[in-house]
Every structure is written in C-alpha cells, then in structure tokens.
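Trainee:
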Amino acid sequence: MSRACPPPACPSPGLPRCRAAACSNNWPSARTRRRVSGSCSILPADHLARWFAGHWGEAVEISGLKRFHGGSARQTYRCDVTGASGRRESVVLRRDPPSSLIETDRLAEYRAIQCFAGSDVPVPEPIFCDAGPESFGSPGFLMREVAGGQAAGLLDPEPYGDHGASVGQQFFTALGRVHAGDPTAAGLDAPPTHPALARLAHWQAAYAADRFRPEPVLEAAMAWLAANPPPAPPRLSIVHGDYRSGNFLHDGAGRLLAILDWEMVHAGDAHEDLAWACDPLWSHFSGKAGGMLPLAEAIAAWEAASGLTLDPIAWAWWRIMAQVQGLVIWISAAREIIDGRSHDPVLMFAGTIPYRFHTLTLAKALEGL
Numbered sequence: 001m002s003r004a005c006p007p008p009a010c011p012s013p014g015l016p017r018c019r020a021a022a023c024s025n026n027w028p029s030a031r032t033r034r035r036v037s038g039s040c041s042i043l044p045a046d047h048l049a050r051w052f053a054g055h056w057g058e059a060v061e062i063s064g065l066k067r068f069h070g071g072s073a074r075q076t077y078r079c080d081v082t083g084a085s086g087r088r089e090s091v092v093l094r095r096d097p098p099s100s101l102i103e104t105d106r107l108a109e110y111r112a113i114q115c116f117a118g119s120d121v122p123v124p125e126p127i128f129c130d131a132g133p134e135s136f137g138s139p140g141f142l143m144r145e146v147a148g149g150q151a152a153g154l155l156d157p158e159p160y161g162d163h164g165a166s167v168g169q170q171f172f173t174a175l176g177r178v179h180a181g182d183p184t185a186a187g188l189d190a191p192p193t194h195p196a197l198a199r200l201a202h203w204q205a206a207y208a209a210d211r212f213r214p215e216p217v218l219e220a221a222m223a224w225l226a227a228n229p230p231p232a233p234p235r236l237s238i239v240h241g242d243y244r245s246g247n248f249l250h251d252g253a254g255r256l257l258a259i260l261d262w263e264m265v266h267a268g269d270a271h272e273d274l275a276w277a278c279d280p281l282w283s284h285f286s287g288k289a290g291g292m293l294p295l296a297e298a299i300a301a302w303e304a305a306s307g308l309t310l311d312p313i314a315w316a317w318w319r320i321m322a323q324v325q326g327l328v329i330w331i332s333a334a335r336e337i338i339d340g341r342s343h344d345p346v347l348m349f350a351g352t353i354p355y356r357f358h359t360l361t362l363a364k365a366l367e368g369l
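In terms of full-length UniProt numbering, the numbers along the sequence shown are unbroken and rise by one, the last being 369.
1) Buried or exposed for Ser332, going by 16 or more other Cβ atoms inside 10 Å?
2) Mind checking who Glu89 pairs with in its DSSP beta bridge?
3) What are the boundary residues of the alpha helix (DSSP H) that Lys364 is part of?
4) Does the Cβ-Cβ distance between Ile338 and Phe136 come in under 8 Å?
5) Counting beta carbon pairs with one atom in the region 281 to 291 and one in the region 178 to 196, are three or more of them shorter than 8 Å?
6) Tell me the DSSP bridge mates of Glu61?
7) In chain order, which continuous runs of the alpha helix (DSSP H) of length 4 or greater are located wholly inside the region 147 to 215?
8) Taking the straight line between their C-alpha atoms, what separation do you get for Pro124 and Gln114?
9) Just grab the DSSP bridge partners of Lys66 for me.
10) If you draw a straight line from the C-alpha of Ile353 to the C-alpha of Thr82, how long is it?
11) To the nearest angstrom, how far is it from the Cα of Asp162 to the Cα of Ser306?
12) For the beta strand (DSSP E) that contains Gly268, what are its first and last residues?
13) Quick check: Asp46 and Gly149, are their CB atoms within less than 8 Å of each other?
14) Look at the alpha carbon of Ala108 and the alpha carbon of Glu263, and state the distance between them as a whole number of angstroms.
15) Between which two residues does the alpha helix (DSSP H) holding Leu295 run?
16) Report all residues from its chain with a CB closer than 8 Å to the CB of Cys79; omit the five preceding and five following residues, and keep chain order.
17) Please list, in chain order, all residues of the same chain as Ala220 whose beta carbon is under 8 Å from its beta carbon, the five residues on each side excluded.
18) Evaluate Thr76 with the Cβ neighbour count: other Cβ atoms within 10 Å of its Cβ, from every protein chain shown; 16 or more gives buried, anything less gives exposed.
19) Please state if the CB of Pro139 and the CB of Arg111 are separated by a distance shorter than 8 Å.
20) Please report the straight-line C-alpha distance between Val265 and His240, rounded to a whole angstrom.
21) Counting only the same chain and skipping the five closest in sequence on each side, list residues whose C-beta sits under 7 Å from that of Met348.
Here it is in structure tokens:
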C-alpha cells in the first residue's frame with residue numbers, strides 16, 4: 001500500500017510559503033522552461049541579508065558564505081545568518097544558474113522536499129521558495145543546513161569506509177520509502193503516456209536540442225528502447241530522478257543524514273530510480289550498487305521498503321535507459337561549453353569522462369541484446 005506524504009506546508013512559523021500560484025510539476029519536456037532572468041552571476045550575500053532582515057524583523061549579518069561546486073543544475077551556497085538579537089541559523093540556498101545540464105523546475109524540487117520533511121525519508125528542512133528572481137537573484141529556495149554531512153565524490157574509491165553496507169541499507173531503504181509515497185501528495189502529475197515512453201521522449205527531446213554531432217551508440221539504444229517498451233508499472237511512484245551516490249549526505253560513521261538534489265523529481269516507474277542508482281558509473285570502482293551493497297542486497301532492501309517487486313523485463317529496459325539518460329546529460333554538458341554559455345569545470349568534466357564511460361558501457365549492453 002502506498003503511503004501519503006504529509007501535506008506540503010512551510011515548517012517554519014512566520015515564514016511565507018512558495019511565491020508561486022502552485023507548486024506543481026506539469027511534466028516538463030527537457031530544456032523547454034524559460035529561465036527567469038536575474039543577477040544569478042552575483043554572490044547572493046546581499047539578497048540573503050535583505051530576505052532574512054525582512055522576515056526576522058532585525059538587522060542581520062551574513063558570514064561563512066561558500067559555494068559548493070559539483071552541482072550541475074543548481075548553484076548551491078551555504079552561510080551563517082546572525083541577527084542583531086543574537087539569533088543564528090546555518091542555511092543552504094539553491095538557485096538557478098545561468099546554464100545547467102538540464103532545465104528543471106525548482107518548485108517541484110522544493111515541494112518534494114516539503115513532502116518528505118518530517119517523514120522516514122531524511123531530507124533537509126525546507127524554509128522558503130521563490131519562483132522569481134526577487135528574493136535570491138534568480139529562482140531558488142532556502143533550506144536549513146544538515147550539520148556534519150558529507151557527500152561522496154564520483155572518483156572517491158572508498159567514500160564510505162567500513163560503513164558502506166550500513167549506509168547502503170539505509171540508502172536503498174530510503175529509496176523504497178520514496179517509491180511508496182503518493183505522487184499526487186507531492187503535486188506531481190501523471191505522465192502523458194506510458195511512463196517509460198514518456199521518459200524516453202523526454203531524453204530524446206533533450207538530445208535533439210543539444211546534439212552537435214552524430215551519436216550512433218546513443219541513437220541505436222534509443223531506437224531499441226522505443227521498439228521494446230517494458231510493462232507498465234503496477235502503480236505510479238514518486239521518482240527522485242537523480243538518486244545515486246553523491247546526492248545524499250552521511251555522517252562518516254554509518255548514518256545517512258539527508259537525500260539531496262530533487263530537481264528532476266516526477267511521477268513514473270520506480271525502476272527508473274533503481275536502475276540509475278545501480279548504474280556502474282556510481283559504483284566507485286567497487287562493482288557494488290552505489291559503491292555500497294551487492295546488487296541483490298540493494299534490490300532486496302528496496303523491495304522490502306517499497307512494497308514493489310522487481311520486474312526483470314522492466315529492469316533490463318531501465319538499465320539501458322539509465323545509460324541513455326546519462327549520455328544525454330553529458331552531451332548537454334558539452335554543448336554548454338562548446339556554445340560558450342558556461343566555463344564551469346563541472347560541465348567540462350561531465351562532457352568528457354562520464355560521456356566516454358557511458359558510451360562504452362552502452363555499446364557493450366547493446367551487443368548483448
């Protein structure tokens with residue numbers, strides 16, 4: 001039985017809700033949302049000071065402002081806010097950059113975090129979301145900082161030390177709990193067609209927008225996916241969209257602290273998240289799912305928490321789809337650099353090493369079909 005998420009609400013007394021008519025996801029096609037222009041190339045200290053002064057009703061000082069590099073769809077900053085009264089909070093701001101790998105909806109991301117706040121899926125505590133540039137210089141939202149959290153880097157060989165199995169059980173259990181939730185409670189619309197074909201169309205559109213040379217391996221995989229759709233899932237699930245190692249915080253001692261980066265959230269087939277989380281790119285050279293658990297143990301933890309059973313036909317399809325998704329994202333990254341829209345080293349890296357990795361793994365997968 002699916003669990004309903006708690007009703008979205010601002011958890012902080014006295015703080016406003018999202019500045020938008022509705023925090024809903026209308027199943028956006030890739031790269032079709034027009035960005036709201038704003039001063040997002042400027043550090044947000046002044047924006048944050050004005051916002052907190054207005055909502056705390058006192059003068060504030062912003063200190064410890066730091067940008068986290070590594071995110072590709074949001075600019076992410078942390079800072080300490082201190083009021084004249086001595087009140088102090090550590091917060092994280094996520095806002096739209098001038099360019100990113102994938103155009104996404106910050107309202108859907110914020111509402112997903114609201115949906116799971118206070119539940120058995122650990123997420124940062126949400127504070128406020130603005131769909132326009134007025135509050136933060138570009139569309140974005142605030143969360144309270146998760147103290148003591150650390151995230152794995154893609155090239156870290158043993159990011160969890162001796163705690164991989166413990167963190168892995170929590171990670172795949174949390175994924176199952178996400179998939180047990182009700183998409184409508186998170187404001188997510190059903191896809192317009194079969195969930196698998198809807199996601200394929202999404203990434204085909206992104207590829208069509210960003211391709212700059214022929215990609216025969218990718219195009220062959222897309223043709224196979226279109227010709228061999230999997231069975232429809234028994235129910236629609238909340239799909240995180242980028243659930244993987246590196247997109248969650250842990251404490252370094254075996255405890256998972258928070259699931260991050262919900263910007264690609266949508267309603268769909270739970271196999272999508274599971275296949276992406278288990279893709280070899282995120283294995284940290286270990287051969288384990290997410291670099292944490294043997295694949296069978298990861299699937300068992302997910303099944304126990306989600307109430308779903310892995311469909312082997314759907315699983316095979318979504319494992320190919322995960323590599324297609326990855327390749328399109330890396331191609332989009334390269335296009336941003338080629339067109340001169342970005343000089344972000346994260347995008348430069350994404351368009352080279354991960355691109356080559358997924359081209360090779362996808363070619364091998366197609367050979368076995």
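Every residue, glycine too, gets a C-beta built ideally from N, C-alpha and C.
Mentor: Once the coordinates are examined:
1) buried
2) Glu89 pairs with Val81.
3) 353 to 367
4) no
5) no
6) Thr82
7) 164 to 180, 195 to 210
8) Each residue's alpha carbon lies about 9 Å from the other.
9) Arg78
10) Roughly 42 Å between the two C-alpha positions.
11) Between Asp162 and Ser306, the alpha-carbon positions lie close to 27 Å from each other.
12) Per DSSP, Gly268 belongs to the beta strand (DSSP E) from 266 to 268.
13) Their beta carbons are not under 8 Å apart, which means Asp46 does not touch Gly149 by this criterion.
14) 7 Å
15) 295 to 306
16) Ala45, Leu48, Ile62, Ser63, Gly64, Leu65, Lys66, Ser90, Val91, Leu93
17) Leu366
18) buried
19) At least 8 Å separates the beta-carbon of Arg111 from that of Pro139.
20) 4 Å
21) Ile337
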